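Novice: Numbering (the numbering used here), first residue to last: 1 to 155. Just so it is clear, CB atoms sit at the ideal spot from N, CA and C, and this is done for glycine as well. Computed from a prediction, not measured in an experiment: that's the story for all the values here.
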């Protein structure tokens, strides 16, 4: 599906590819495939298994993202509970996808295969395959040795 402007959808279920010229807004988005937006992507609940390229802010109260392929991008990711994992469940492929964002900010954050300049949250857990400039946290902070975190600071 392709839309040249903004898309406002209460509940979305995509199995395939969706391309939005501007922004996407909805209550619940369940995407298995690829979503591309020219602007922000906003949802209360986002479940995404596949890939994405967001031209602005990816904002969801709860997001569970499985990176299946390619380099996934968003300028900024904001949410309450943020889970971003490598998903290599595709037969014959063991690499999964990768995420690149400048800023990731949330309450509870778990990241894998992510490159970000700044990660800010209350509880932050950095899993394998990450490259983070600085982690700022107010509660707990845990990271796997398979990742690179240049600096961390309790705020």
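Do residue 121 and residue 146 have their C-beta atoms within less than 8 angstroms of each other?
Specialist: Not in contact: residue 121 and residue 146 (Cβ atoms no closer than 8 angstroms).
Novice: Under three-state DSSP, which class holds residue 100?
Specialist: Reduced to three states, the DSSP call for residue 100 is strand.
Novice: Can you name the residues that DSSP bridges to residue 15?
Specialist: Per DSSP, 32.
Novice: Between the Cα of residue 97 and the Cα atoms of 110, 80, 115 and 5, which residue gives the shortest distance?
Specialist: Minimum Cα distance to residue 97 is reached at 115.
Novice: Buried or exposed for residue 140, going by 16 or more other Cβ atoms inside 10 Å?
Specialist: Residue 140 should be labelled exposed.
Novice: Using the Cα positions of residue 85 and residue 110, report the straight-line distance between them to the nearest angstrom.
Specialist: Roughly 8 angstroms separates the two Cα atoms.
Novice: Which same chain residues, not among the five before or five after residue 39, have their C-beta less than 6 angstroms away from its C-beta?
Specialist: So the qualifying residues of the chain are 22, 23, 55 and 56.
Novice: Identify, in the order they occur along the chain, each residue of the same chain with its Cβ nearer than 6 angstroms to the Cβ of residue 65, setting aside the five sequence neighbours on each side.
Specialist: Here the set comprises 48 and 84.
Novice: Please list, in chain order, all residues of the same chain as residue 7 whose beta carbon is under 6 angstroms from its beta carbon, the five residues on each side excluded.
Specialist: Here the set comprises 20 and 24.
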